[in-house]
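Asks:
Protein chains in written order, with my numbering: chain S, 676 to 827; chain H, 54 to 303; chain U, -15 to 93.
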């Protein structure tokens, strides 16, 4: 019996064995919830795109661990530095991902971590400066789905 | 094109006596995941290596630790993992987990660790780590031959609701995409591995059970004869691939 | 058996004023509270809430985490080498339990 690629894919995905698998059922952040999260992080201030670079893959191999780096242009002196960096998700169950609190003793405004993305979405990085201004960068990430449902 | 490749693969099987040249699954990973595996601080599997190092020195109730007999693992365990599975004194095929438990019960006089328990995972990973970068090199002749042949037959046998054999994917269409995954050769040079799907580290047999379920075939138990023989066959397939344990996999 | 809970890597020595890169990995399931088990019961949320790093008399770094941080949370950040001393890493979960790791740093002139 020959197998076409279609048959392989259909075969792997078609047979539901939901009774055996741990399942995930969750809400998705609404645009309003995302806006609220941004407002909370920025205390209502205006956010200007720029000065921030969000390093994240265009296509995430696996949504369970996506390596993310945020870099902000800043001399990181007492007079001029990054106070905090916030990561905001668009379509995860919750909009807040993480907040990093820095300061002049960081030396460099660059942080990295592994985040979870529930599905393809935009990720927003916001930086709060010591002068009270807020800057941002946003990237779209495609989260690919694994081949087989194998129950772990 | 795919049909021809599959057909060619299937036709070649009965005659397959030599191990095909296969790649480590790392070669199919994204640069980010490859980097994660290579970085000793970022690779979550290293937490189990740390545990294993601690356990190695922990004394069992009768007073012996692994170190009491084996000394410094970084010396004594070099190359050990590369030679497993292997046939033990009583003619049983042993993988690393079974050997560790054999030491536990017969020499340390302590209860065996349950399969997939934290201590067993930690010790297996710690011992495997001592062979980092060394080529896999199992014996498949003499007393191992029967087990090897069983494993080879398992790998080529169609199973389950999808009537698929391991060979059809992992030899036949390795390198092709199944949704967003790239089908690997099924090499086992990086186990125990931290699998993102599990959000934790797990053993090879756990992964084999996931494979079996993925193709809707019977899942065998950890330490079953089926998976042990298969493990020997897979280890031979992975011959000369460098040990990477603990690997990071999707 | 005590589980290994963290791995921190950073240089052991640095010159005063150097910016050093620090990598910290902590063992934690980071259970988001959305998954259910085989019997359909929700697995309760259990996450690390924050990582705080103290060095030379001040908190030099703090990371607040939410369920979207991957299991076994990993972070890379930097700090300026100011004085010989100890960096103290404290991870706190939502129930208030803490995990502490200390790393010495020798700072030369």
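Virtual Cβ for every residue (Gly too), placed ideally from N, Cα, C.
Considering residue 177/H, what are the terminal residues of the alpha helix (DSSP H) in which it resides?
Replies: Working through the second chain from its first residue, we reach residue 177/H at position 124. Counting along the chain, the alpha helix (DSSP H) containing residue 177/H begins and ends at 171 to 182.
Asks: Are any of the Cβ atoms in chain S nearer than 8 Å to that of residue 86/H?
Replies: Indexing the second chain from 1 puts residue 86/H at position 33. Yes - at least one Cβ of chain S is within 8 Å of the one on residue 86/H.
Asks: Would you check if the distance between the CB atom of residue 133/H and the CB atom of residue 184/H is smaller than 8 Å?
Replies: If you number the second chain from 1, residue 133/H lands on position 80. If you number the second chain from 1, residue 184/H lands on position 131. Yes, Cβ-Cβ distance for residue 133/H and residue 184/H is below 8 Å.
Asks: Just verifying my parser: in three-state terms, what is the DSSP assignment at residue 29/U?
Replies: Position 45 of the third chain holds residue 29/U. Residue 29/U falls in the coil class under three-state DSSP.
Asks: How would you write the range of the beta strand (DSSP E) that residue 45/U sits in, first residue to last?
Replies: On the third chain, position 61 is the one that residue 45/U refers to. Element bounds for residue 45/U: 42 to 49.
Asks: For the region 762 to 777 of chain S, which residues have a CB atom closer than 8 Å to at least one CB atom of chain H, in sequence order?
Replies: For the region 762 to 777 of chain S, which is checked against every Cβ of chain H, not one residue is closer than 8 Å.
Asks: At a CB distance below 8 Å, what residues from the region 45 to 68 of chain U approach chain S? Give them in sequence order.
Replies: Residues passing the 8 Å Cβ filter: 45, 46, 47, 48, 49, 50, 51, 52, 53, 54, 55, 57, 58, 59, 60, 61, 62, 63, 64, 66.
Asks: Would you tell me roughly how many angstroms separate the C-alpha atoms of residue 67/H and residue 819/S, rounded to the nearest one?
Replies: The count along the second chain starts at 1 and reaches residue 67/H at position 14. The count along the first chain starts at 1 and reaches residue 819/S at position 144. Residue placement at residue 67/H is poorly supported in this model, since its pLDDT is 45, which falls under 50; the coordinates are not used for a value here.
Asks: Between the alpha carbons of residue 302/H and residue 247/H, how many angstroms are there, rounded?
Replies: Position 249 of the second chain holds residue 302/H. Position 194 of the second chain holds residue 247/H. Their Cα atoms are separated by approximately 6 Å.
Asks: CA-CA distance, residue 36/U and residue 795/S?
Replies: For the purposes of this step, residue 36/U is taken as the residue at position 52 of the third chain. For the purposes of this step, residue 795/S is taken as the residue at position 120 of the first chain. If I take the Cα positions, the gap works out to 31 Å.
Asks: Residues of chain U with CB under 7 Å from residue 95/H, in chain order?
Replies: In the second chain, counting from the first residue as 1, residue 95/H sits at position 42. Neighbours of residue 95/H on chain U, chain order: 7, 9, 58.
Asks: Excluding five sequence neighbours on each side, which residues of the same chain lie with their C-beta closer than 6 Å to the C-beta of residue -9/U?
Replies: Locating residue -9/U in the third chain gives position 7, where the first residue counts as 1. Contacts found: 9.
Asks: Go through its chain and collect everything with a Cβ distance to residue 155/H's Cβ below 8 Å, but skip five positions before and after it.
Replies: Residue 155/H sits at position 102 when you count from the first residue of the second chain. Answer for residue 155/H: 141, 147, listed in chain order.
Asks: Helix, strand or coil for residue 88/U? Go by DSSP, reduced to three states.
Replies: The residue labelled residue 88/U in the question sits at position 104 within the third chain. Strand, per DSSP.
Asks: Does any residue of chain H bring its CB to less than 8 Å from the CB of residue 693/S?
Replies: Start at 1 with the first residue of the first chain, and residue 693/S comes out as number 18. Note that residue 693/S scores 39 on pLDDT, short of 50, meaning its location in the model is unreliable; the coordinates nonetheless yield the value given after this. It does not: the Cβ of residue 693/S has no partner Cβ on chain H nearer than 8 Å.
Asks: With a threshold of 7 Å on Cβ separation, who are the neighbours of residue 89/H within its own chain once the five nearest residues in sequence on each side are excluded?
Replies: As a first step, residue 89/H is located in the second chain; it is residue number 36 there, counting from the start. Contacts found: 95, 96, 301.
Asks: Quick one: Cα of residue 88/U to Cα of residue 43/U, how far?
Replies: Start at 1 with the first residue of the third chain, and residue 88/U comes out as number 104. Start at 1 with the first residue of the third chain, and residue 43/U comes out as number 59. So the alpha carbons of these two residues sit roughly 16 Å apart.
Asks: If you follow the alpha helix (DSSP H) that residue 109/H is part of, which residue opens it and which one closes it?
Replies: Residue 109/H sits at position 56 when you count from the first residue of the second chain. Note, residue 109/H: alpha helix (DSSP H), 99 to 109.
Asks: Please identify the residue among 735/S, 780/S, 726/S whose C-alpha is closest to the C-alpha of residue 38/U.
Replies: Along the third chain, read from residue 1 onward, the residue named residue 38/U stands at position 54. It is 780/S whose Cα lies nearest to the Cα of residue 38/U.
Asks: Look at residue 724/S and residue 811/S and say whether their C-beta atoms are less than 8 Å apart.
Replies: Start at 1 with the first residue of the first chain, and residue 724/S comes out as number 49. Start at 1 with the first residue of the first chain, and residue 811/S comes out as number 136. Closer than 8 Å, so yes.
Asks: What residue does the alpha helix (DSSP H) around residue 775/S start on, and which one ends it?
Replies: Translated into positions along the first chain, residue 775/S becomes position 100. Unbroken run through residue 775/S is the beta strand (DSSP E), 771 to 776; no alpha helix (DSSP H).
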